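K.L.:
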Amino acid sequence: MATAYAALVSLMHLLKRMLHPCKQWISFDREQIISLDNMVCSLVDLLEDLSNRRRSGKFVTEELKNQIADAGHEAEDIIESYVADAYRVLNSAVDDSDSIEVEIRKTEFLTDIKRVAETMHLIKIEIEKKKMDVEKGDHQRINSSPEEVLSRRAPSSDKLDVMVGFEDHLDQMMRRLATTESKLQIIPIVGMAGIGKTTLAKNLYENRFTVETFHSRAWVSVSQAYTVREILLALLYDIQILSKGKKKEFNEKMSEKNDEELGEQLYKSLFGRRYLIVLDDIWSTKPWDEVKRFFPDNCNGSRIMITTRLANIANCFGSDNSHELEFLDEDESWNLFCEKIFPGESYPLELKEIGKRIATSCRGLPLSIVVIGGLLAKSSNTREYWEYVAENLNSLIYSGDDDYCLKLLSLSYNDLPIHLKPCFLYMAMFPEDCEIKISRLIKLWVAEGFLKPIKDKSLEDVAMVYLKDLIDRNLVLVSGIGRTGKMQNCIIHDVLRDLCLKEGRKENFLCVTRVYSLDNFPQGIESKRRLAIHQSTSEPTFSPQVLDALKSASNVRSLVCDSEWISPRLVPSLNLLRVLDVVDKYSPEEITKLSSPRYLAFRPDLTGCNLNPEIISSMFVHWNVQTFKTEDFDVIVSVPPQIWEMTELRHLEFRMIRLPDPPPESHNFYMLVNLYTLLYVYNFRCTEEVVKRVPNLRKLQILYNDDDDEPSGVEWSYYCLNNLVRLHKLESLSLAMGEKVCVTDNIAFPDSLKRLSLQGCGLPWSDIKVVVGSLPQLQVLFLYHNAFQGPRWDATDGEFVRLKYLEIHNIDLMHWTAEKTNFPMLEKLVLVCPELEEIPFGLAEIPTLRIILLRRWKPSVITSARAILEERDNLGYEGPYIFYYNEQEDWVFIEINEDSVVKF
1 MATAYAALVS LMHLLKRMLH PCKQWISFDR EQIISLDNMV CSLVDLLEDL
51 SNRRRSGKFV TEELKNQIAD AGHEAEDIIE SYVADAYRVL NSAVDDSDSI
101 EVEIRKTEFL TDIKRVAETM HLIKIEIEKK KMDVEKGDHQ RINSSPEEVL
151 SRRAPSSDKL DVMVGFEDHL DQMMRRLATT ESKLQIIPIV GMAGIGKTTL
201 AKNLYENRFT VETFHSRAWV SVSQAYTVRE ILLALLYDIQ ILSKGKKKEF
251 NEKMSEKNDE ELGEQLYKSL FGRRYLIVLD DIWSTKPWDE VKRFFPDNCN
301 GSRIMITTRL ANIANCFGSD NSHELEFLDE DESWNLFCEK IFPGESYPLE
351 LKEIGKRIAT SCRGLPLSIV VIGGLLAKSS NTREYWEYVA ENLNSLIYSG
401 DDDYCLKLLS LSYNDLPIHL KPCFLYMAMF PEDCEIKISR LIKLWVAEGF
451 LKPIKDKSLE DVAMVYLKDL IDRNLVLVSG IGRTGKMQNC IIHDVLRDLC
501 LKEGRKENFL CVTRVYSLDN FPQGIESKRR LAIHQSTSEP TFSPQVLDAL
551 KSASNVRSLV CDSEWISPRL VPSLNLLRVL DVVDKYSPEE ITKLSSPRYL
601 AFRPDLTGCN LNPEIISSMF VHWNVQTFKT EDFDVIVSVP PQIWEMTELR
651 HLEFRMIRLP DPPPESHNFY MLVNLYTLLY VYNFRCTEEV VKRVPNLRKL
701 QILYNDDDDE PSGVEWSYYC LNNLVRLHKL ESLSLAMGEK VCVTDNIAFP
751 DSLKRLSLQG CGLPWSDIKV VVGSLPQLQV LFLYHNAFQG PRWDATDGEF
801 VRLKYLEIHN IDLMHWTAEK TNFPMLEKLV LVCPELEEIP FGLAEIPTLR
851 IILLRRWKPS VITSARAILE ERDNLGYEGP YIFYYNEQED WVFIEINEDS
901 VVKF
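Going by UniProt numbering, the letters in the sequence shown line up with residues 1 to 904, in that order.
Here you go:
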């Protein structure tokens, strides 16, 4: 239901925007839109409710899901087309014939909306009927017989899975099971699907030491569709059978008991005994909460192991207790690969190179290695076949008769709350093995419209909540951390990306293809809403087949293309695009043809373009734009006054833009409450009017320089930088001054700043505490050329209480004194100061200091660095790691006694 849900939530956002007071220039029947909005909200609630019921899938048919998605998409297209036309009329001269056309369009719009609303009403009635069926089913009590729960017992122990690469994990867990701690302990094993949680637990469960140490052992596979009765019966079966082996008698006795009686029986069976319980594949804390009272703490070293894919579930049992599994390294992957294909045999030399390539391509995921290894073990060992396997690895992982790998991973997808499913499926829009910039991902999610609002949170904050949830579920991996420890990049494992592709195609959520072929979509891409086209090193240019298909792809609303050579032209069929995220060049004229874009990221093609004001203005005459990103304009772009009417704008990222002053308040007054990013602004005037209109600005980058277009003889006060302090939500600020510009008036920054970059300000070091050091939230500080001037900086107490990262570049600083109290939380220091005599010795006492990087240094600086290392060693502190850049352009790692070259 991800596509249907995404369509409805996106429509819900659009209707809310139409009803906003600032959209009074749109002529429509307000009551009609309110009625449709209420209906859409109730449909969203119904889908959420149904998705939370495990058996809802059998009631909500594929046909009904498609009807919901189609109705949502049609309504959204109708509204956006009408509003875009109305906005163009608003921003152009209108004659009598245009007025008549406007009235005709309004009549058509009202008729179309009425028709769509009636369709949705019928859909709502049908869904409510399905909901009643589900509720009726929920009230039917299903008593599981003992025979039905045997599948939840421990896997067969006739042949334990190979534990290659898990030796350390096995050893660590054995020690935890054998510890002298007498109290009952719960030990969660956490990791993504297929990483070996159950395999590790099974080897521990069947280990000879475990068998001899624990009087009673029991295993139950909880999974998603569980009942308390099934859990209790499975545990009792293991305990009873192991002690008595009387299966028939057990079945008869247990079938007569209710759940509470079964729990009491379990408690009595475990009381006074040292036991090991395994609860495999837990998806929430609910099953544990329902059965935990039946596990007595006998204070005799009993243990309960839990396996889960969800880090947040494991954390409920205490993060210190969790045992997290990670991917295998290349050697471990190779060893497991060999053991699965040639157990106990020598490996054929002629297959070693290709075999290592296949093992490495599995990306350290044991399940992938086991599945592909099982396939090769049954095949003919010819190099030709193995080359075929290497080229078709991911599809072959799913080629087993029972699609075991896919079914296993699909459990993670099926368990997702419906609001997370569109976010997860969207990960397939990025190329395989692509490291995804989180800021870009979040902007795309917001533009797609499928994020349901959370009270008192921006949509960007909602997106981060959703992303962290996917990370906690081990479906997305963090691959890059910023200077303050904040997540910067993420990645998705190849096998999970294939799951996204498979589910995304099944639900008609997206289409991902290559520039040279549509082989994956022989039926065409005409009906697809989201299209990703990825480049190929062997076929860099678009094939005629793909280009011809795009000419008829009138339903495409999102286009993501990473081709560096050529992107598809914006043919008329693509004029309804909402999301355009490409790396190739597009002319401003092409962009103006889009009717209702939300997200624009491209490189400008200025060939033969004189950037006349009309073209530039028309680029901004889009009522619905949220993100406008094009950083390769080689000229300063003068933004038209319409910018102050773009109430949906969230992120404006140009290489250099000049903002006009807002119109007077007597004119139409719009607050850009959604605007969070603004960069780079040339000679920015931070007037009171501007501050009022951008109250939630989070990131701002400014450059000041002498300019012939500026009024002659202006004072520094003309730019009103003292008003920056009134931007109370600002977290990141970059302020750069040109060679001939110097700050002469007072300058102040808001307390909300976490990241600050200064260049060319020419402030005296004596001002640093008041201007910068006193900022209570500041964590990252860059001081570039002439940010502060003077040969001496004497740091004082009370400065930089939260600063973690400090970088000083090309400043005429010679003498710097500082103590640990001046930078109590500093972690990383980067110095490019050719005149500096030495690093402050007092920094040696900062316990958090981890890294110092030095470039363009005096020999005395290296001597002071070594003195800091010696003092840290005496104090018992670890690190910091100190590197300097030598004349051969190698990083040299400084040690107390001798240095060593490190190649980066």
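Note that the Cβ used here is the ideal one computed from N, Cα and C, for glycine as well.
Quantities reported herein were computed from a predicted structural model and do not represent experimental measurements.
(1) So, with DSSP's three-state summary, where would you put Cys41?
(2) Among Cys761, Leu652 and Arg726, which residue has its Cα nearest to the Cα of Lys692?
(3) Between which two residues does the beta strand (DSSP E) carrying Ser221 extend?
(4) Taking all protein chains shown into account, decide if Ser860 is buried (16 or more other Cβ within 10 angstroms of its Cβ) or exposed.
(5) In chain order, what residues of the same chain have a beta carbon less than 6 angstroms from the beta carbon of residue 910, not counting five sequence neighbours either side?
(6) Is Ile862 closer than 8 angstroms to Ile894 when the C-beta atoms are compared?
(7) Using C-beta distances below 6 angstroms, list every residue in its chain close to Leu829, excluding the 5 sequence neighbours before and after it, in chain order.
(8) Relative to the alpha-carbon of Ala7, which residue among Leu836, Cys761 and Arg529 has its alpha-carbon at the smallest distance?
(9) Using a 10 Å radius around the Cβ and a threshold of 16 neighbouring Cβ atoms, would you call Arg229 buried or exposed?
(10) So, under 8 angstroms CB-CB, Pro422 and Tyr5 are touching, yes? Tell me the CB distance rounded to an integer number of Å.
(11) Could you check whether the region 357-372 touches the region 328-335, counting it as contact only if at least three pairs of C-beta atoms, one from each stretch, sit closer than 8 angstroms?
(12) Are the region 774-786 and the region 750-758 touching, with three or more C-beta to C-beta distances below 8 angstroms?
(13) Just reading off the beta strand (DSSP E) that Gly258 is part of, what are its end residues?
(14) Would you say the beta carbon of Asn674 is closer than 7 angstroms to some non-hydrogen atom of the ligand FAD?
(15) With C-beta atoms as the reference, is Ser595 less than 8 angstroms away from Ala117?
(16) How is the alpha helix (DSSP H) around Pro588 delimited, first residue to last?
(17) Quick check: what's the CA-CA separation for Ser766 versus Ala787?
(18) To the nearest angstrom, how far is the alpha carbon of Ala390 from that of Arg514?
(19) Decide if Ala818 is buried, meaning its Cβ has at least 16 other Cβ atoms within 10 Å, or exposed.
(20) CB-CB under 8 angstroms to Leu803, same chain, minus the five flanking residues each way: which ones, in chain order?
(21) With a 10 Å radius around its C-beta and 16 neighbouring C-beta atoms as the bar for buried, classify Asn624 as buried or exposed.
(22) Could you tell me whether the region 491-501 touches the region 330-348, using the rule of 3 or more Cβ pairs below 8 angstroms?
(23) Using only CA atoms, which one of Glu799, Asp794 and Thr821 lies nearest to Leu813?
(24) If contacts are defined as beta-carbon pairs under 8 angstroms, then Val621 and Arg88 qualify, I think. What distance do you get, rounded to the angstrom?
(25) Going by DSSP, which residues form a beta bridge with Ile304?
(26) So, are the CB atoms of Ile846 and Lys820 less than 8 angstroms apart?
(27) Taking DSSP as the reference, what is the three-state secondary structure of Arg578?
(28) Distance check for Leu783 and Tyr885, CA to CA, integer angstroms please.
(29) Counting Cβ pairs closer than 8 angstroms, one from the region 186-201 and one from the region 304-318, do we hit at least three?
(30) For a test of the three-state rule: what should DSSP assign to Ala193, helix, strand or coil?
(31) Secondary structure at Lys268, three-state DSSP: helix, strand or coil?
(32) Assign Thr848 to one of three DSSP states: helix, strand, or coil.
(33) Going by alpha carbons, who is nearest to Leu467 out of Ala447, Val582, Ala69 and Ile491?
(34) Between the beta-carbon of Met192 and the beta-carbon of His323, is there less than 8 angstroms?
(35) Helix, strand or coil, according to DSSP, for Ile481 in the structure here?
(36) Considering only the alpha carbon of each residue, which of Leu577, Arg872 and Arg208 lies closest to residue 910?
P.N.:
Result, derived from the coordinates:
(1) As a first step, residue 41 must be located in the sequence shown, where it is residue number 41. In the structure shown, Cys41 sits in a helix (DSSP, three-state: H, G or I).
(2) In the sequence shown, the residue the question calls residue 692 occupies position 692. It is Arg726 whose Cα lies nearest to the Cα of Lys692.
(3) Taking the first residue of the sequence shown as position 1, residue 221 is located at position 221. That run of the beta strand (DSSP E) goes Ser216 to Ser221.
(4) Indexing the sequence shown from 1 puts residue 860 at position 860. With fewer than 16 other Cβ atoms within 10 Å, it is exposed.
(5) Residue 910 cannot be examined here, being either before or after the span of the chain that is shown, 1 to 904.
(6) Start at 1 with the first residue of the sequence shown, and residue 894 comes out as number 894. Start at 1 with the first residue of the sequence shown, and residue 862 comes out as number 862. Against a cut-off of 8 angstroms, the Cβ pair of Ile862 and Ile894 comes out as a contact.
(7) To locate residue 829, count along the sequence shown from 1; it is residue 829. Same-chain partners within the cutoff: Leu806 and Ile852.
(8) Here residue 7 refers to the residue found at position 7 of the sequence shown. Out of Leu836, Cys761 and Arg529, Arg529 has the C-alpha closest to the C-alpha of Ala7.
(9) Within the sequence shown, numbered from 1, the residue matching residue 229 stands at position 229. With 16 or more Cβ atoms within 10 Å of its Cβ, Arg229 is classed as buried.
(10) Reading the sequence shown from its first residue, position 422 is the one you call residue 422. Reading the sequence shown from its first residue, position 5 is the one you call residue 5. That pair is a contact at about 7 angstroms.
(11) yes
(12) yes
(13) On the sequence shown, residue 258 is found 258 positions in, with the first residue counted as 1. The sequence shown places Asn at residue 258, not Gly. Asn258 -> no beta strand (DSSP E), and no H or E assigned at all.
(14) In the structure on display, the ligand FAD does not appear, and there are no ligands present to speak of.
(15) Position 595 of the sequence shown, counted from the start, is the residue given in the question as residue 595. Position 117 of the sequence shown, counted from the start, is the residue given in the question as residue 117. It is not a contact, given that the beta carbons lie outside the stated cut-off.
(16) Counting from one through the sequence shown, the residue named residue 588 turns up at place 588. Note, Pro588: alpha helix (DSSP H), Pro588 to Thr592.
(17) As a first step, residue 766 is located in the sequence shown; it is residue number 766 there, counting from the start. As a first step, residue 787 is located in the sequence shown; it is residue number 787 there, counting from the start. Spanning the two alpha carbons is a distance of roughly 13 angstroms.
(18) Against the sequence shown, residue 390 aligns to sequence position 390. Against the sequence shown, residue 514 aligns to sequence position 514. Distance between the alpha carbons of Ala390 and Arg514: 19 angstroms.
(19) Locating residue 818 in the sequence shown gives position 818, counting from the first residue. So Ala818 counts as buried.
(20) What you label residue 803 is simply residue 803 of the sequence shown in a count that begins at 1. Excluding positions up to five away in sequence, the list reads Leu778, Gln779, Val780, Leu781, Phe823, Met825 and Leu826.
(21) Translated into positions along the sequence shown, residue 624 becomes position 624. Flag for Asn624 reads buried.
(22) no
(23) In the sequence shown, counting from the first residue as 1, residue 813 sits at position 813. Taking only the C-alpha atoms, the option nearest Leu813 is Asp794.
(24) As a working note, residue 621 is residue 621 in the sequence shown. As a working note, residue 88 is residue 88 in the sequence shown. 7 angstroms between Cβ atoms; contact.
(25) Along the sequence shown, read from residue 1 onward, the residue named residue 304 stands at position 304. Note: Ile304 sits in a beta bridge opposite Ile186 and Ile277.
(26) By 1-based counting over the sequence shown, the position of residue 846 is 846. By 1-based counting over the sequence shown, the position of residue 820 is 820. Against a cut-off of 8 angstroms, the Cβ pair of Lys820 and Ile846 comes out as a contact.
(27) Counting from 1 along the sequence shown, the entry for residue 578 is found at position 578. The answer is coil: DSSP assigns Arg578 none of H, G, I, E or B.
(28) Along the sequence shown, read from residue 1 onward, the residue named residue 885 stands at position 885. Along the sequence shown, read from residue 1 onward, the residue named residue 783 stands at position 783. Taking the straight line joining both Cα atoms gives about 20 angstroms.
(29) yes
(30) The sequence position of residue 193 within the sequence shown is 193, counting from 1. Three-state result, Ala193: coil.
(31) Looking up residue 268 in the sequence shown gives position 268. Correct three-state label for Lys268: helix.
(32) To locate residue 848, count along the sequence shown from 1; it is residue 848. Three-state result, Thr848: coil.
(33) Within the sequence shown, residue 467 is the residue found at index 467, counting from 1. Of the candidates Ala447, Val582, Ala69 and Ile491, the one whose C-alpha sits nearest the C-alpha of Leu467 is Ile491.
(34) The residue given as residue 192 occupies position 192 in the sequence shown. The residue given as residue 323 occupies position 323 in the sequence shown. Not closer than 8 angstroms, so no.
(35) Position 481 of the sequence shown holds residue 481. Residue state, collapsed to three classes: strand.
(36) Residue 910 cannot be examined here, being either before or after the span of the chain that is shown, 1 to 904.
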